[in-house]
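S.K.:
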Amino acid sequence: MVQSLNTKVDFITDATAFTGLTDYGKIMIGDKGFEFYNARDTRKYIQIPWEEVDYVIASVMFKGKWIPRYAIQTKQNGTFTFSSKQPKKALREMQVYVSPDHMVQSLGFFDVMKRAFKSIGKKKNNS
Numbered sequence: 001m002v003q004s005l006n007t008k009v010d011f012i013t014d015a016t017a018f019t020g021l022t023d024y025g026k027i028m029i030g031d032k033g034f035e036f037y038n039a040r041d042t043r044k045y046i047q048i049p050w051e052e053v054d055y056v057i058a059s060v061m062f063k064g065k066w067i068p069r070y071a072i073q074t075k076q077n078g079t080f081t082f083s084s085k086q087p088k089k090a091l092r093e094m095q096v097y098v099s100p101d102h103m104v105q106s107l108g109f110f111d112v113m114k115r116a117f118k119s120i121g122k123k124k125n126n127s
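Numbered by this note's numbering, the letters in the sequence shown go through residues 1 to 127 in order.
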């Protein structure tokens, strides 16, 4: 069994980790870090200490009514994407340990399209 980072657990819920293939399990938010444990395979787990978290990126839809997924961008190991049964509560619990200016909203569909058209326009002007 894996040793937990946390000494005090604030929140546990069912979750899905998008790591190539989808892994189902539970996330645990505590005083030392964010943890994901796979439900079937105990060797598959993700532990992210709060000192390593750079940004928490939330995908917000319908003006905040629905948050389908959120990602944790670390300083060294890349970005990990999760979805959970209670995403708003999970993000509120993370806000205790991650400063609010490091919790951001991901770009929407139209924002991505606008950026793409702007970059195409810049490429045509430069050549």
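Heads up, the beta-carbon is just placed ideally off N, CA and C, and yes, glycines get one too. What you are looking at is a predicted structure, and each value in this text was computed from that prediction instead of being measured.
Val9 to Asn125, Cα distance in whole Å?
M.R.: By one-based count along the sequence shown, residue 9 stands at place 9. By one-based count along the sequence shown, residue 125 stands at place 125. In a straight line, the C-alpha of Val9 is about 54 Å away from that of Asn125.
S.K.: Helix, strand or coil for Leu5? Go by DSSP, reduced to three states.
M.R.: The count along the sequence shown starts at 1 and reaches residue 5 at position 5. Note: Leu5 maps to coil in three-state DSSP.
S.K.: Can you tell which of Asp23, Ile46, Ala58, Phe18 has the C-alpha that lies nearest to the C-alpha of Met103?
M.R.: Position 103 of the sequence shown, counting from 1, holds the residue named residue 103. With distances taken between Cα atoms, Met103 lies closest to Ala58.
S.K.: With DSSP as the reference, identify every bridge partner of Asp23, one or two as the case may be.
M.R.: Stepping through the sequence shown from its first residue, residue 23 is reached at position 23. According to DSSP, which records beta bridges pairwise, Asp23 is partnered with Ala17.
S.K.: Checking 9 Å against the spacing of the C-beta atoms, do Tyr70 and Pro87 come in under that value?
M.R.: Here the question's residue 70 lines up with position 70 in the sequence shown. Here the question's residue 87 lines up with position 87 in the sequence shown. Contact flag set, yes.
S.K.: How would you write the range of the beta strand (DSSP E) that Ile69 sits in, first residue to last?
M.R.: Residue mapping note: residue 69 aligns to position 69 of the sequence shown, counting from 1. Per the sequence shown, the amino acid found at residue 69 is Arg instead of Ile. Taken as a continuous stretch (DSSP letters only), the beta strand (DSSP E) holding Arg69 covers 66-74.
S.K.: To the nearest angstrom, report how far apart Ile12 and Ile120 are at their CA atoms.
M.R.: Here residue 12 is taken as the residue at index 12 of the sequence shown, counted from 1. Here residue 120 is taken as the residue at index 120 of the sequence shown, counted from 1. Cα to Cα, Ile12 sits roughly 44 Å from Ile120.
S.K.: Any contact of the stretch 35-44 with the stretch 107-123, i.e. 3+ C-beta pairs under 8 Å?
M.R.: Contact fails: fewer than three Cβ-Cβ distances are below 8 Å.
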